[in-house]
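Novice: Before we start, here is the structure in question, set down as structure tokens.
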Amino acid sequence: MEKTTKLTKEDFTSDQETRWCPGCGDYSILAQMKKVLPNLGISRENIVFVSGIGCSSRFPYYLETYGIHGIHGRAPVIASGIKLSRPDLKVFVITGDGDGLSIGGNHLIHLFRRNIDITIILFNNQIYGLTKGQYSPTSEKGKITKSSPYGSLENPFNPVQMALASGATFVARSIDRDPKHLAATLDRAARHKGTAFVEVYQNCNIFNDGAFIALTDAKQKKSHLLKMEHDKPFIFGENNENMLTWTGQKFSVISSDASENGHEILKHNENGSGPAMEFMLASLSHVDHLPTPIGIFRSIEIDTYDEMLTKQIEHAKKEKGDGDLKKLFTGGYTWMNN
Amino acid sequence: MSEKEVQELERVTICFAGDSGDGMQLTGSQFTNTTAGIGNDLNTLPDYPAEIRAPIGTTFGVSGFQIQFSSTDVHTPGDSPDVLIAMNPAALKVNLPNLKHNGIIIINTDSFQSRNLSLAGLESNPLEDGSLEAYQVFPVNVTELTREALKDMDLTVKIKDRCKNFFALGMTYWMFSRPMETTEHWLKEKFKNKDDLIKANTLALKAGFSYALSTEIFTTAYKVPKAAKKAGQYRNITGNQGIAFGLITAAKKAGRELFLGSYPITPASDILHELSKHRNFDVKTFQAEDEIAGVGAALGAVYAGSLGVTTTSGPGIALKSEFMGLAVMTELPLVIINIQRGGPSTGLPTKTEQSDLLQAFYGRNGESPIPIIAAAGPADCFNAAFEAARIALEFTTPVILLSDGYIANGTEPWLIPDVDKISEIHIKQPPTDEKYLPYKRDPERLSRLHALPGTPGLEHRIGGLEKEDITGNISYDPDNHDKMVRIRAEKIGRVNRFVDDPELVGKDHGDLLILSWGSTYGPILAAVEEVQKQGREVSWCHLRWLNPLPINLSRFIHNFKTVLIPEINLGQLLKIIRAEYLVDATGFNRVRGLPLRTSELLAEIDLILKGLE
Ligand code: SF4
């Protein structure tokens, strides 16, 4: 991935007309992605966007990079094939809560555990948009939709917990209405070496408007949203007056004025605070009266699958020499007929 | 030692049968290598249980290995064995119905105690109850004799008993005048640094040979002279190995890396195993989380510039079909390999069948044409895989290669090709100095030019939505869709202009035309040769490409009173031929999980020819 002269967001805009509903949160994610891409120092031809099916999956059409719009739920496997075939390419997966967690859930968890160097952005709008409004695997229990007129009976997935549990090496959450935070998170994810996962809370103003209103509305968000920052205490609240602390069993809220309460100050550690802490943070939700965290839950580096595969090939060549068909055919028992 | 008679035979079929743990596959493959080495033509069929460790001594735990070898051409593993080596009562029970009348049975009498008899579900001992009267029976206490041969060795009885298959092998080597060197050499390689095992097995082998030579029970040894095969260097090859080699070769000749996305499934997994060994050929194998992921990763690799392949069996194809549709829509060169087995559902995983032909033709949503090629035998798998890859790359299309359990595991001698004489596969790249139009076509093949990621200036997006002709933009236009559906069909229809027509054996008109495809090649060839020997006329055409059908077929198919289509299904090619050519073809169908029998085919041909007289 060679450096090129600095590109702009216009360079990454394709000639295709964007076709999401006016006001859809997807526009914001696309805009931030176009801001992030030129900063990565990767030329356009070396970037591939892969998607499945759903509103979010139209994303690749709008970017002037290579792109493939696959089938429902299967973007992670196409992306895996691309990256393993060509480790020199930068590969993104764009998916949604239905595409990535329902029909394609199996592929996503296996991509996480393999740690192939792919960046996954999951647009979570807690609804099926393209099929016009059925409950999704992240919809809240009891949700009334066209397919659940008496209320959904299903417990929702927590995508961040799923990624953490499956071994993703970079796990983050952001939100469509906070462009700065979103751009910074996408940038970090794109630069991560290994499987990076970003859940983006995305408003579907047609079928699930206001799903994240508590986290985006100027009046409410300060008390419901926790922006995690590395090596900083977990501070939130209207006037930053609250702070999270850990009692050994659960989180509780204390005053952010640490000198007042004498508690040891709990600080966020992105680089491996351990599965227990990461998982507990991911479980927090304003619905349960604790703030919903956004930011980076985990960012660790281990060998990637693609690197290890390349090494195996190099090793095999060193051991056995470059593949020689004649040797291959005559290896083993042969005989001559005259 | 008495003077023994040596009788010359043209062809012999032997079946080695025993319990799964008796090492029959190994014994069979040793006999095969030795037999190949002395220049006989041959064909083999392993037959083992679906259960990994089936209960010892039971009939469903029986593992068999059949080989036919001859001084003339061999096309099948043989309908019914001349010789059966039965290591236990269950093996005898399972294989006896198949044995030729007056055939030879060598029995390990040590395993015929009451416990094993009852495990095999036998009420009386066949050695005593007269049920073997129609055969030549040679009872040998193999276990005891093996222990005796190894009495000076410091090994446990269990290990000594494991050598008894080599004792049996030694007897057959004497009986059929084979040298022991190939096996002795193999033992040295196999048990490198385990001198006691080399010694024990070699002793058992030699003891078996000497026993047969010196005892009174075997009066005759047989000799099967060398076959007149085309000159050159040979090796034995299974169909699955042939496919693996064909794919590696195609990738090399196309200047592409080979990428296999696959999920383990019987009887296809051996292709994954084989390819996994060859990383030094830039072969990337990816064991995916499921069948869908296997094909999806392969398609992703194709998109990025590899020769992408997915291997599976029928149930796996069912899961992959949506991705196969995506490959049709995006017009990407993906090779899909189906090693057919008995179906439907889980069916008969270790048995053979040809029942996925209609699935290959029609098993997808929408008008979704894919070229289909079928391999005729183990050695032919190499060429079939190479050709499947060539057509995929040249036509930018997915291609389905059909093989089946019979030829996947069966072996035959393969004339090792001259690598330099195998033609290159040329892939055209789009020009970088003009606007890239992803769906602009080559006028001859109607293939499109796929711009690989990493090529500056050719960035573009493709996907599963309908494409506008030439630009490849998403299009919902009704007339465009109609046009694209026809273009995709036309493109596949043109494949037959770029592959060889199948050979027509016999005249292009007459009473009977046999039309066939896939692994029935061997049994039908044997039947046709037999009919011709009898001075009767029959014509035969064995199809290699099934979609599209070959150009020459329409020139002669209407010139026969009867068209007979033998298949290991209920008449799938039959349906297609009747629909395509409006001929009143008839089927010959056996769906027993086994290859067709030459003798049954002969009887059917006889019936038809007599009826026409
Ligand atoms: S349906 Fe919802 S998610 Fe889909 S484009 Fe419209 S607003 Fe966006």
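So the sequence lines, in the order shown, correspond to chains A and B.
Numbered as in the numbering used here, the first sequence ends at 674 without a single skipped number.
Numbered as in the numbering used here, the second sequence ends at 605 without a single skipped number.
Glycine included, C-beta positions come from ideal geometry on N, C-alpha and C.
I need the straight-line Cα distance from residue 694(B) to residue 199(B), nearest angstrom please.
Specialist: Here chain B comprises residues numbered -7 to 605, so residue 694(B) is not present and cannot be evaluated.
Novice: For residue 544(B), is the beta carbon positioned less than 8 angstroms from some heavy atom of the ligand SF4?
Specialist: Checking every heavy atom of the ligand SF4 against the Cβ of residue 544(B), none is found closer than 8 angstroms.
Novice: Going along chain B, which residues have a C-beta under 9 angstroms from residue 643(A)?
Specialist: Per Cβ cutoff of 9 angstroms: no residues; residue 643(A) is ~13 angstroms from chain B at best.
Novice: Give, in chain order, every unbroken run of the beta strand (DSSP E) that is at least 3 residues long and sits entirely within the segment 337 to 417 of chain A.
Specialist: Correct list: 383 to 387 and 402 to 405.
Novice: Could you check whether the Cβ of residue 356(A) sits closer than 8 angstroms to any heavy atom belonging to the ligand SF4?
Specialist: Indeed, a heavy atom of the ligand SF4 lies less than 8 angstroms from the Cβ.
Novice: Taking 8 angstroms as the cut-off, does the CB of residue 460(A) come closer than this to any heavy atom belonging to the ligand SF4?
Specialist: The answer is no for residue 460(A).
Novice: Which chain A residues sit within Cβ distance under 7 angstroms of residue 411(B)?
Specialist: Within 7 angstroms Cβ-Cβ: 661 and 662.
Novice: Can you tell which of 618(A), 581(A) and 574(A) has its C-alpha closest to the C-alpha of residue 509(A)?
Specialist: When each option's Cα is compared against that of residue 509(A), the closest is 618(A).
Novice: Under the DSSP definition of a beta bridge, which residues are partnered with residue 362(B)?
Specialist: DSSP lists no partner for residue 362(B).
Novice: Scan the segment 405 to 423 of chain A for residues whose Cβ lies nearer than 7 angstroms to a Cβ of chain B and list them as they occur along the chain.
Specialist: Taking 7 angstroms as the Cβ-Cβ cut-off against chain B, the residues of the segment 405 to 423 of chain A that qualify are 405, 406, 407, 410, 413, 414, 415, 416, 417, 418, 420, 421 and 422.
Novice: Over what stretch of residues does the alpha helix (DSSP H) that includes residue 560(A) continue unbroken?
Specialist: Looking at the DSSP string, the run of the alpha helix (DSSP H) that includes residue 560(A) is 557 to 560.
Novice: Give me the subset of the segment 573 to 587 of chain A whose CB atoms are less than 8 angstroms from a CB atom of chain B, sorted by chain position.
Specialist: The residues in question: there are none.
Novice: Buried or exposed: which applies to residue 554(A), given that a residue is buried once 16 or more other Cβ atoms fall within 10 Å of its Cβ?
Specialist: With fewer than 16 other Cβ atoms within 10 Å, it is exposed.
Novice: Return the bridge partner residues of residue 508(A) from the DSSP annotation.
Specialist: Residue 508(A) pairs with 534(A) and 632(A).
Novice: Given that residue 291(B) touches chain A, what residues does it touch there, using C-beta distances under 7 angstroms?
Specialist: Correct list: 414 and 417.
Novice: Can you tell me where the alpha helix (DSSP H) holding residue 159(B) begins and where it ends?
Specialist: Start and end: 156 to 167.
Novice: Leaving out the 5 sequence neighbours to the left and right, which residues in its chain are closer than 7 angstroms to residue 467(B) when beta-carbon positions are compared?
Specialist: Closer than 7 angstroms at the Cβ level, and outside the excluded window around residue 467(B), lie 458, 459 and 460.
Novice: Check the Cβ of residue 658(A) against every Cβ in chain B and list those closer than 9 angstroms, keeping chain order.
Specialist: The answer, in chain order, is 272, 273 and 274.
Novice: In chain A, which residues lie less than 7 angstroms from residue 281(B) when you measure between Cβ atoms?
Specialist: Those within 7 angstroms of residue 281(B) in chain A are 442, 443 and 446.
Novice: Just curious, the beta strand (DSSP E) that residue 542(B) is in, first and last residue?
Specialist: No beta strand (DSSP E) contains residue 542(B), which DSSP labels as neither H nor E.
Novice: Counting only beta-carbon atoms, is residue 356(A) nearer than 9 angstroms to chain B?
Specialist: No, residue 356(A) lies away from the interface with chain B (no Cβ there is under 9 angstroms from its Cβ).
Novice: Secondary structure at residue 569(A), three-state DSSP: helix, strand or coil?
Specialist: Three-state DSSP puts residue 569(A) in a strand.
Novice: Answer yes or no: does any C-beta atom of chain A fall closer than 9 angstroms to that of residue 382(B)?
Specialist: It does not; no Cβ of chain A falls within 9 angstroms.
Novice: Going along chain B in order, which residues have a C-beta closer than 9 angstroms to the C-beta of residue 542(A)?
Specialist: Here the premise fails: no neighbours, minimum Cβ distance about 20 angstroms.
Novice: Against chain B, which members of the segment 458 to 485 of chain A pass a CB distance test of less than 8 angstroms?
Specialist: Listed in sequence order: no entries.
Novice: Under 9 angstroms, do residue 119(B) and residue 131(B) count as touching if we go by C-beta distance?
Specialist: It is a contact, given that the beta carbons lie within the stated cut-off.
Novice: Below 8 angstroms on the Cβ atoms is my contact criterion, and I expect residue 588(B) with residue 463(B) to pass it. Report the Cβ-Cβ distance as a whole number of Å.
Specialist: Wrong, their Cβ atoms sit about 50 angstroms apart, outside the cutoff.
Novice: Taking 8 angstroms as the cut-off, does the CB of residue 466(A) come closer than this to any heavy atom belonging to the ligand SF4?
Specialist: Residue 466(A) Cβ: within cutoff of the ligand SF4.
Novice: Beta-carbon of residue 165(B) versus every beta-carbon of chain A: anything under 9 angstroms?
Specialist: No, because no Cβ of chain A sits closer than 9 angstroms to the Cβ of residue 165(B).
Novice: In this structure, does DSSP put residue 382(B) in helix, strand or coil?
Specialist: Three-state DSSP puts residue 382(B) in a helix.
Novice: Taking C-alpha atoms, which residue in 108(B), 222(B), 238(B) and 471(B) lies nearest to residue 229(B)?
Specialist: Answer by Cα proximity: 238(B).
Novice: Judging by CA-CA distance, which residue of 347(A), 393(A), 547(A) and 632(A) is the nearest neighbour of residue 471(A)?
Specialist: Closest by alpha carbon: 547(A).
Novice: Any beta carbon of chain B sitting closer than 9 angstroms to that of residue 403(A)?
Specialist: Yes, residue 403(A) lies at the interface with chain B (some Cβ there is under 9 angstroms from its Cβ).
Novice: Using three-state DSSP, classify residue 57(B) as helix, strand or coil.
Specialist: Residue 57(B): strand per DSSP, three-state reduction.
Novice: By Cβ distance, which residues of its chain are closer than 6 angstroms to residue 373(A), with the 5 residues on each side in sequence left out?
Specialist: The residues are 348.
Novice: So what does residue 302(B) bridge to, in DSSP terms?
Specialist: BP columns for residue 302(B) point to 253(B) and 328(B).
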